[in-house]
Amino acid sequence: MTDAPIPVSVLTGFLGSGKTTLLNRLLKDPALVDTAVIINEFGDVGIDHLLVEKADEGIIELSDGCLCCTVRGELVDTLSDLVDRLQTGRLQRLRRVIIETTGLADPAPVLHAIMGHPVLLQAFRLDGVIATVDAINGIATLDAHEEAVKQAAVADRIVITKTDLPGARGELPALRARLSALNPGADQIDTGDPRTGYGALFECGVYNPESKTINVQRWLKAEAYREHDHGPVDHHHHNGHHHHHDVNRHDAAIRSFSLKHEAPIPLSSFDLFLDLLRSVHGDKLLRVKGIVQLEDDPERPLVIHGVQQIFHPPVRLAGWADGVRETRLVMIVKDLPESYVRQLFDAFLNRPQIDTPDRAALFNNPLAISGVKLG
35 MTDAPIPVSV LTGFLGSGKT TLLNRLLKDP ALVDTAVIIN EFGDVGIDHL
85 LVEKADEGII ELSDGCLCCT VRGELVDTLS DLVDRLQTGR LQRLRRVIIE
135 TTGLADPAPV LHAIMGHPVL LQAFRLDGVI ATVDAINGIA TLDAHEEAVK
185 QAAVADRIVI TKTDLPGARG ELPALRARLS ALNPGADQID TGDPRTGYGA
235 LFECGVYNPE SKTINVQRWL KAEAYREHDH GPVDHHHHNG HHHHHDVNRH
285 DAAIRSFSLK HEAPIPLSSF DLFLDLLRSV HGDKLLRVKG IVQLEDDPER
335 PLVIHGVQQI FHPPVRLAGW ADGVRETRLV MIVKDLPESY VRQLFDAFLN
385 RPQIDTPDRA ALFNNPLAIS GVKLG
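Below, the structure is given as structure tokens:
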């Protein structure tokens, strides 16, 4: 094995959205040689793997249940086995792993299996999440299925499929706008574009394997979220215009926004902020990404990445590559008001608003209750 961790990409998307078709096409790309593909099955009879044309030793099938729950342990065992085969020489090379989930899967537990396992963290790194969305049925699917909304919300790349079918063109503008509101930082890629391939879908993590450097700006894309930020207001109020939505729609509960702070932050304050969010609202944190300027070493920023309660061990960078020295956090949350997160962040930075508690009130007050609602 090489010293560099092996990138892992998670391919998700709702039932019938074209995951297997996309995977078939990708596996023909020479750039994906020496790639292990882990395909999950749902039910007693495996079907999806029969549609994968390159069904060789690189295809690993998990057939005992939904990848997001019952076979999570099996997924860990499979990844561990890949490491063992590399170390013992039974597998000569492994450049990438692609995990295809079922259409009903919540991607978060799959990410937990990679990010929260101390041994796997040494061998693998999460490259990113690729979600497929059907151009014809995408809006209806998002309306009807919360799983589809969460898949799109946590994705780094959203592949819009079936754009060449009759009727797709009329649906695309509304679908693209909805996906942009749901996840401003995700690149939207048309599966019919001939340029779509390895370069467009992969290497979306914080590490750039070509330059052997960390590319936080490309990974974080905080500017995309700032365009949607208007302080503690509703997520669907953008650019001064109200977009009226069905209150029953699943993505109405999901908000994407960014937080920033220009001065260095005490490590204890930032730790307490994250600990409170994770302990009280961890299940509502769909994804948290950020770069933090800490007081103890402001010249070496800290990179954080979390999915719900599980956070990747933080990484210190050698310096500020883009020259912008400020804390930037991207938050994708569900059923958690943006105003609450902003007020909590301000409280720990000792810049509370009127009639809201400061840091001392949250932790030094003997009558304070952990997780009490602000405001």
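For the sequence shown, the residue numbers in this note's numbering are 35 to 409. Glycine included, every Cβ here is placed at the ideal spot set by N, Cα and C.
{"Check": "Given 8 Å, three or more beta-carbon pairs between the segment 181–192 and the segment 44–52", "Outcome": "yes"}
{"Check": "Beta-carbon proximity of Val326 to Leu319, cut-off 8 Å", "Outcome": "no"}
{"Check": "Status (buried if at least 16 other CB within 10 Å, exposed otherwise) for Asp190", "Outcome": "buried"}
{"Check": "Ile403 (DSSP reduced to helix, strand or coil)", "Outcome": "The predicted position of Ile403 is uncertain, since its pLDDT is 48 and thus under 50; no value can be drawn from it."}
{"Check": "Length of the line joining the Cα atoms of Asp227 and Pro218", "Outcome": "21 Å"}
{"Check": "Cβ separation of Phe307 and Leu328, assumed to be a contact under 8 Å, to the nearest whole Å", "Outcome": "Actually they are not in contact, since the Cβ atoms of Phe307 and Leu328 sit about 12 Å apart, beyond 8 Å."}
{"Check": "Reduced DSSP secondary structure (H/G/I, E/B, other) of Thr122", "Outcome": "coil"}
{"Check": "Chain B within 8 Å of Val163, Cβ atoms only", "Outcome": "Going by chain labels, chain B is absent from the structure shown, which holds only one protein chain."}
{"Check": "Exposed unless 16 or more other CB atoms sit within 10 angstroms - verdict on Ala256", "Outcome": "buried"}
{"Check": "Reference Leu145, options Ile164, Arg129, Leu128 and Arg127, closest by Cα", "Outcome": "Ile164"}
{"Check": "Nearest-angstrom beta carbon gap, Val188 and Ala142 [assumed within contact, 8 Å]", "Outcome": "7 Å"}
{"Check": "Option nearest Ala186 by Cα separation, candidates Ala157, Glu333, Gly162 and Glu237", "Outcome": "Gly162"}
{"Check": "Gly47 - containing beta strand (DSSP E), residue span", "Outcome": "Ile40 to Gly47"}
{"Check": "Beta-carbon gap between Ile288 and Leu216 smaller than 8 Å", "Outcome": "yes"}
{"Check": "Local conformation of Glu333 per DSSP, three classes", "Outcome": "coil"}
{"Check": "Cβ-based neighbour list, Val110, same chain, cut-off 8 Å, excluding 5 preceding and 5 following", "Outcome": "Ala147, His151 and Leu154"}
{"Check": "Exposure of Ile299, with buried meaning 16 or more beta-carbon neighbours within 10 Å", "Outcome": "buried"}
{"Check": "Pick from Leu206, Val349 and Val250 that is closest to Asp356, judged by C-alpha positions", "Outcome": "Val250"}
{"Check": "Residues that Val358 bridges to, as DSSP identifies them", "Outcome": "Partner(s): none; Val358 has no beta bridge."}
{"Check": "Inter-residue CB distance, Gln343 and Arg312 (contact presumed, cutoff 8 Å)", "Outcome": "5 Å"}
{"Check": "Spatial neighbours of Phe383 in its chain, beta-carbon cut-off 7 Å, leaving aside the 5 residues before and after", "Outcome": "Note that residue 383 corresponds to Leu in the displayed sequence, not to Phe. Counting only Cβ-Cβ distances below 7 Å, and skipping sequence neighbours, we find His295, Ile299 and Ser303."}
{"Check": "Three-state secondary structure assigned by DSSP to Ala147", "Outcome": "helix"}
{"Check": "Sequence-distant residues of the same chain with beta carbon closer than 6 Å to Ala38, five excluded per side", "Outcome": "none"}
{"Check": "Buried or exposed (CB count within 10 angstroms, at least 16 for buried), Tyr259", "Outcome": "buried"}
{"Check": "Val117 (DSSP reduced to helix, strand or coil)", "Outcome": "helix"}
{"Check": "Integer-rounded CB distance, given that Ser43 should sit under 8 Å from Phe345", "Outcome": "Not confirmed; about 20 Å, so no contact."}
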